[in-house]
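*Asks:* Numbering (our numbering), first residue to last: 5 to 557.
Beta carbons: idealized from backbone N, C-alpha and C, even for Gly.
Once you've had a glance at the structure underneath, I'll fire off some questions.
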């Protein structure tokens, strides 16, 4: 009886595992594929499913048996080959690593070349390792990556002059100018007694308003401290950097679950690689694995200079998981721990605003503005966001002041132009100025449904109904299921005498209103009343000017 039961289990377990993979539920995928393997122990696809899922969870020990089994069967699997190679790297068996044939068990051209270079160094041959870096640099498209890793290798063995010669070549590509590369360069310059040059480079690269990680480096350099070279302290660190480099390149360019393999590999090789931990957590968040993302963010030590980034990420993952109260709690604690860090107060303000706690949002934005530099690029947004929070509390004078202050910093910012212009329209004040603002916003963002809607609505408010129709119709094309835009088009149709079309749009607007959405401008009761008695009667009931009077008839 056991055999038939096992056979019956396999298809169901495989399908459940496949669904778990589609859902990015790596733990369940590993469980179901493992069950399916009981009924088909030679199935390479199932083995790869288990191995890949376990690697995605950062579990090398659990990923290794199926990966080895794949290789023993002579099957090709990039993920399996990566896992087996990772095990050799962790065990520092560089000779065995070098004996692996890239043609048969390779991971990829860039990874294989850089791994071989670091492995030669681990096996005791620095010269052969450096030659291998040069060989990789000779391959099309790989020069920048290979030179970066050669610079790291030279710094690791104490040849800071050689490392600096490579870092100083700004033509090496984006990898050199990424944050991690710039900080590594700063450490090399410090080792050469060039702290002033390191400081100048950091300011030129990152500008003002350093985050805690950069502030720590800047303060130590300014104090005359010689920074140790910490980015690659060993061959295993160098190998971790290979996988992190590739993960960074893949991030945003390839599927998130594929980039996650490399980010997890970097963390396995170097558990204190904070950048790899943060990247893994961000990828998990993007994949919808919010609980795993939260767990991964918490792996960043509390005393790390990048702990703030982990806590900001953890709050975002909690928000995405539908736990806004927990996210707010994280940010409030972080605001106490980092009271002068504007980005923390900004994140808290944004979340409070999303939760419609506008008074507390204003307080958070006040603190963000207090601790921001006057010329910081994001200052306009803080004023804009605070203005929205004031406007939602009916504090119009403060809201208008913030919007206009934001426009002083960014005169052509379409979001601000649209929000201020639309607000003026709703208050039926300064309509000519509102129209001019919204026309500028539409010119900048002609495909924004919200902004095109604003233009149609200001024309409606001005009594220019025929002109409003085309803009409102385009807004509905751009945002076909938005209740506000559909409601507005209904009003405009009514104003030009297209009664049946108006009623149709109002019914559509009602169908798109989410139950319990108290923040939606489209009022379902008002729309129902328009369907019962018409817009003219509703305006009369509200004491608003009738359409024909507004239209000059």
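Going along the chain, which residues of its own chain have a beta-carbon closer than 8 angstroms to the beta-carbon of residue 432, five neighbours each way excluded?
*Replies:* Same-chain partners within the cutoff: 465.
*Asks:* Is it buried or exposed for residue 494, if we count other Cβ within 10 angstroms and need 16 for buried?
*Replies:* It is buried - the Cβ of residue 494 has at least 16 other Cβ atoms within 10 Å.
*Asks:* Would you mind sorting residue 237 into buried or exposed? The rule is 16 or more other CB atoms within 10 Å of its CB.
*Replies:* Counting Cβ neighbours within 10 Å, residue 237 comes out exposed, since fewer than 16 surround it.
*Asks:* Can you list, in chain order, the residues of its chain with a C-beta nearer than 7 angstroms to that of residue 480? Leave out the 5 residues immediately preceding and following it.
*Replies:* If we look at residue 480 and ignore the five residues flanking it on each side, its Cβ neighbours are 489, 490, 493.
*Asks:* In chain order, what residues of the same chain lie with their CB nearer than 8 angstroms to the CB of residue 242, ignoring the 5 residues before and after it?
*Replies:* So the qualifying residues of the chain are 122, 125, 153, 156, 157, 160, 236.
*Asks:* Sort 88, 94, 510, 96 by Cα distance to residue 105 and report the nearest one.
*Replies:* Out of 88, 94, 510, 96, 88 has the C-alpha closest to the C-alpha of residue 105.
*Asks:* Any heavy atom of the ligand ATP closer than 6 angstroms to the beta-carbon of residue 201?
*Replies:* Among the components modelled here there is no ligand, and therefore nothing to report on the ligand ATP.
*Asks:* Give me the Cα-Cα distance between residue 115 and residue 305, rounded to the nearest whole angstrom.
*Replies:* Their backbone Cα atoms lie some 29 angstroms apart in a straight line.
*Asks:* Does DSSP put residue 214 in a helix, a strand or coil?
*Replies:* Looking at residue 214 - three-state DSSP - the assignment turns out to be coil, as it is neither helix nor strand.
*Asks:* Note down, in chain order, each residue of its chain lying with its Cβ closer than 6 angstroms to the Cβ of residue 188, except the 5 sequence neighbours on either side.
*Replies:* The answer, listed in chain order, is 235.
*Asks:* I'd like to know if the stretch 190-200 and the stretch 352-363 are in contact, where contact means that at least 3 CB-CB pairs between them fall below 8 angstroms.
*Replies:* In short, these stretches do not touch, since the Cβ pair count stays below three.
*Asks:* Under 6 angstroms Cβ to Cβ from residue 86, same chain only, skipping five residues before and after it: list those, please.
*Replies:* So the qualifying residues of the chain are 111.
*Asks:* Would you be able to state if there are at least three C-beta pairs under 8 angstroms between the stretch 226-234 and the stretch 194-212?
*Replies:* Yes, since at least three Cβ pairs between the stretch 194-212 and the stretch 226-234 fall closer than 8 angstroms, the two stretches touch.
*Asks:* Could you tell me which whole alpha helix (DSSP H) segments of length 4 or greater appear in the stretch 172-200?
*Replies:* Runs found: 178-181, 183-195.
*Asks:* Does DSSP put residue 452 in a helix, in a strand, or in coil?
*Replies:* Three-state DSSP puts residue 452 in coil, outside helix and strand.
*Asks:* Could you have a look at residue 272 and say whether DSSP puts it in helix, strand or coil?
*Replies:* The answer is helix: DSSP assigns residue 272 an H, G or I state.
*Asks:* Do you know how far the Cα of residue 395 is from the Cα of residue 369?
*Replies:* Their Cα atoms are separated by approximately 14 angstroms.
*Asks:* Ends of the alpha helix (DSSP H) at residue 117?
*Replies:* Residues 113-126.
*Asks:* Whole alpha helix (DSSP H) runs in the stretch 250-301 with 4 or more residues, listed along the chain?
*Replies:* Counting whole runs of 4 or more residues, the stretch 250-301 contains the alpha helix (DSSP H) stretches 260-273, 278-290, 294-301.
*Asks:* Express the C-alpha separation of residue 539 and residue 548 in angstroms, rounding to a whole number.
*Replies:* Distance between the alpha carbons of residue 548 and residue 539 is about 11 angstroms.
*Asks:* Can you say whether residue 425 is buried or exposed, counting buried as having 16 or more other CB atoms within 10 angstroms of its CB?
*Replies:* Residue 425 is buried by the Cβ-count criterion.
*Asks:* With a cut-off of 8 angstroms on the beta carbons, I'd call residue 300 and residue 284 a contact; round off their distance for me.
*Replies:* Residue 300 to residue 284, Cβ: 5 angstroms. Contact.
*Asks:* Classify residue 77: buried if its beta carbon has 16 or more other beta carbons within 10 angstroms, exposed otherwise.
*Replies:* By the 10 Å Cβ count, residue 77 comes out exposed.
*Asks:* Considering residue 325, what are the terminal residues of the alpha helix (DSSP H) in which it resides?
*Replies:* Per DSSP, residue 325 belongs to no alpha helix (DSSP H) and is neither H nor E.
*Asks:* Apart from the five residues just before and just after residue 546, which ones in its own chain have a Cβ nearer than 7 angstroms to its Cβ?
*Replies:* Closer than 7 angstroms at Cβ, skipping near neighbours: no residue.
*Asks:* Please report the Cβ distance between residue 478 and residue 456, rounded to the nearest whole angstrom; I am assuming they are in contact, meaning their Cβ atoms lie under 8 angstroms.
*Replies:* Going by Cβ atoms, the distance from residue 478 to residue 456 rounds to 5 angstroms, so yes, they are a contact pair.
*Asks:* Find the nearest neighbour of residue 412 within the set 458, 381, 42, judged by alpha-carbon distance.
*Replies:* Out of 458, 381, 42, 381 has the C-alpha closest to the C-alpha of residue 412.
*Asks:* Quick one: Cα of residue 292 to Cα of residue 151, how far?
*Replies:* Spanning the two alpha carbons is a distance of roughly 36 angstroms.
*Asks:* Going by other Cβ atoms of all chains shown within 10 Å of its Cβ, with 16 needed for buried, is residue 417 buried or exposed?
*Replies:* Counting Cβ neighbours within 10 Å, residue 417 comes out buried, since at least 16 surround it.
*Asks:* Using 10 angstroms around the beta-carbon of residue 84, count the other beta-carbons present and answer buried if the total reaches 16, otherwise exposed.
*Replies:* The residue is buried, with at least 16 neighbouring Cβ atoms inside 10 Å.
*Asks:* In terms of residues, what are the limits of the alpha helix (DSSP H) holding residue 136?
*Replies:* Run containing residue 136: 130-141, per the alpha helix (DSSP H) assignment.
*Asks:* Suppose the cutoff is 6 angstroms on Cβ atoms and the five residues either side in sequence are ignored; what does the same chain contact list for residue 437 look like?
*Replies:* Taken in chain order, the list of residues that qualify is empty.
*Asks:* In whole angstroms, give me the CA-to-CA distance for residue 15 and residue 40.
*Replies:* Going by the C-alpha atoms only, they are around 7 angstroms apart.
*Asks:* Kindly list the residues whose CB is nearer than 7 angstroms to the CB of residue 100, restricted to its own chain and excluding five residues on each side of it in sequence; keep chain order.
*Replies:* 92, listed in sequence order.
*Asks:* Pairs of beta-carbons, one from the stretch 243-250 and one from the stretch 37-53, closer than 8 angstroms: are there three or more?
*Replies:* At 8 angstroms Cβ cutoff, the stretches do not touch.
*Asks:* Output needed for residue 127: all residues of its chain with C-beta closer than 8 angstroms, excluding positions within five of it in sequence on either side, in chain order.
*Replies:* So the list reads 98, 99, 102, once near-sequence residues are dropped.
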